[in-house]
Amino acid sequence: QVQLVESGGGLVQPGGSLRLSCAASRNIFGLYRMGWYRQAPGKQRELVAEVSSGGITSYADSVKGRFTISRDNGKNTVYLQMNNLKPEDTAIYFCKLSMTSGIYYWGQGTQVAVSS
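When the count follows the working numbering, it moves up by one through the sequence shown with no breaks and lands on 121 for the last residue.
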């Protein structure tokens, strides 16, 4: 069992920045993909950004150029740097770890609110 612990959410004004972190509870060996998802009230959970075990990244069109995902394999941690935040970025942000075996884990979520 792996636990994912997210941190870094909060309230920020439009145009501001936040950095989310997601740390795994134990060392994980093998290949895995990590991603950040978000869910706004009344909406489905959507993929924001992913990073493969090899460091290849992908982003939702809505966040391209503003968000950056990165990972530190030594710390079993994935980050999401969010710049130029907009009110429509307001959501609960979840991290997900996907193993090559097909097993996956979710974090508990961290709230991001963008408002003036």
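Ideal Cβ placement from N, Cα and C applies to all residues, glycine included.
Practice task
Decide yes or no for the touch test of the segment 11 to 27 against the segment 82 to 101: beta carbon pairs closer than 8 Å, at least 3 of them.
Solution key: Output reads yes: the segment 82 to 101 touches the segment 11 to 27.
Handout entry: Classification of residue 109 by the beta-carbon crowding that lies within 10 angstroms, buried from 16 upward
Key = Flag for residue 109 reads exposed.
Handout entry: Three-way DSSP call (helix, strand, coil) for residue 40 in this model
Key = In the structure shown, residue 40 sits in a strand (DSSP, three-state: E or B).
Practice task
Pick out whichever of 121, 16, 32 has its Cα sitting closest to the Cα of residue 25.
Solution key: Restricting attention to 121, 16, 32, the CA atom closest to the CA of residue 25 is found in 16.
Practice task
Please classify residue 59: does DSSP put it in a helix, a strand, or coil?
Solution key: For residue 59, the three-state secondary structure derived from DSSP is coil.
Handout entry: Assigned secondary structure, residue 1 (DSSP; H/G/I helix, E/B strand, else coil)
Key = Nothing in the structure corresponds to residue 1, since the chain is present only between 6 and 121.
Practice task
May I have the straight-line CA-CA distance separating residue 72 from residue 85, to the nearest angstrom?
Solution key: CA-to-CA, the gap between residue 72 and residue 85 works out to about 7 Å.
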